[in-house]
Amino acid sequence: MSSGGGKRKQKHEEHEEHVNHERWLVSYADMLTLLFVLFVVLYSMSDVNMKKFAQLASGLSSGFGAQSVAFQGQTGPMDGSGNSAEIVQIDPGANPGDGKAGSSNLTAQQKEAVKAAMAAESRARASKNAQAAAKEAEDLKKIENKISDALAKQKLLGSVKFTIDRRGLVVTVLTNEVVFAGNRADLQPGGRKILDAIAPTLAKLPNRIEVNGNTNQLKVKTTFYPSGWELSAARASTTVRYLVARGLAKDRMSAVGFSDTKPLINPSDPRSITMNRRVDVVVLTTLTAEQAALLPAASGADSKLHTGETSEQAGKRAQSGTGNTDTTGESNNQPR
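Number 75 in UniProt numbering belongs to position 75 of the sequence shown; there are no gaps in the numbering.
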């Protein structure tokens with residue numbers, strides 16, 4: 001039994017570890033640093049200087065310890081596309097500070113290379129357009145030959161003229177008394193015979209067909225229509241309706257009346273009284289506008305008004321002017 005005066009073991013009192021309540025400052029400082037870097041980049045991008053941009057890209061790349069494909073303009077894999085994805089270089093454009101373009105820092109050799117590349121691209125495009133126009137002119141000429149074959153069988157080849165312009169192949173039907181009666185838009189038997197001959201060939205084509213009605217320049221009063229506008233439009237519409245009934249698709253057709261605003265030949269020419277009174281059936285080209293502009297040059301003599309050539313005649317064609325030799329001098333009493 002131990003005495004009350006013996007030594008008593010004292011318990012060791014443990015204290016909790018002191019908690020550091022200022023650790024958030026580290027994360028906060030990191031966030032502020034990143035925000036600072038972000039705003040520096042945004043500010044520098046708002047006033048781009050190519051040299052400074054390259055220095056900034058290099059500095060950021062080195063600072064983060066990695067080579068960035070975005071700054072170097074290299075390719076890199078992206079989800080779903082493997083190595084086919086590319087980082088597209090964006091031209092920063094003009095520098096508001098000095099008014100210079102983004103390419104102003106190119107060397108003289110680089111500028112010459114750019115000019116040479118642009119010139120080569122322009123020549124290649126011009127060559128492609130010329131080839132397309134030449135091919136189209138050849139195809140339109142073949143259509144002319146087929147229409148001429150059909151007209152020749154009916155002994156009507158002289159009733160129709162042809163032209164190749166930027167619109168395509170123009171089949172001109174002179175609206176004399178055989179086709180339309182004076183001041184009327186009702187097809188005569190002679191007109192129906194002409195359209196019957198050309199319709200089968202037109203029906204087989206994929207091209208759109210536009211029919212243009214035209215009157216001559218005589219200032220005579222139209223009997224059944226208010227003016228030449230209504231008369232020309234009615235003749236075009238009558239022709240379209242007749243061709244549709246002969247197998248041409250309705251959604252490929254259109255009718256336009258021009259009155260006397262688009263004369264075929266100069267109104268001072270005596271032949272204009274009959275030549276300008278006409279219906280044009282236009283086989284529209286499928287070329288682009290830039291390519292179609294080259295069609296007249298590509299078609300050569302066929303860009304002038306001429307009598308159609310049959311397939312047999314086309315093989316023996318000689319380069320000779322085939323102007324219209326009709327010298328009939330109708331008086332001003334002729335109908336529109």
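All C-beta atoms, glycine included, are put in the ideal place defined by N, C-alpha and C.
Identity of the residues DSSP links to residue i by a beta bridge
i           : result
residue 162 : 171 and 306
residue 278 : 174 and 214
residue 255 : 211
residue 180 : 187
Pair within 8 Å by beta-carbon distance, residue i and residue j
i           : j           : result
residue 210 : residue 282 : yes
residue 247 : residue 203 : yes
residue 141 : residue 302 : yes
residue 201 : residue 143 : yes
residue 278 : residue 187 : no
residue 199 : residue 243 : yes
residue 224 : residue 176 : no
Residue i versus the options, residue with shortest Cα-Cα distance
i           : options               : result
residue 166 : 288, 263 and 121      : 288
residue 310 : 292, 111, 130 and 145 : 145
residue 164 : 182, 277, 134 and 180 : 134
residue 300 : 40, 138 and 121       : 138
Cβ neighbours of residue i in the same chain (closer than 6 Å, five flanking residues each side left out)
i           : result
residue 259 : 215, 228, 229 and 232
residue 280 : 170, 172 and 212
residue 316 : none
residue 255 : 211, 236, 237 and 240
residue 291 : 129, 132 and 133
Close Cβ partners of residue i (< 8 Å) along its chain, the five nearest in sequence each way excluded
i           : result
residue 284 : 167, 168, 207, 208, 209 and 210
residue 54  : none
residue 157 : 148, 151, 307, 308 and 310
residue 262 : 212 and 214
Distance, residue j Cα to residue i Cα
i           : j           : result
residue 294 : residue 37  : 57 Å
residue 155 : residue 194 : 10 Å
residue 222 : residue 241 : 23 Å
residue 196 : residue 117 : 53 Å
residue 245 : residue 192 : 11 Å
residue 219 : residue 115 : 57 Å
residue 28  : residue 58  : 27 Å
residue 226 : residue 181 : 17 Å
residue 250 : residue 153 : 27 Å
residue 265 : residue 106 : 55 Å
Own chain, CB closer than 7 Å to residue i, minus 5 neighbours either side, in chain order
i           : result
residue 189 : none
residue 217 : 260, 263, 267, 272 and 276
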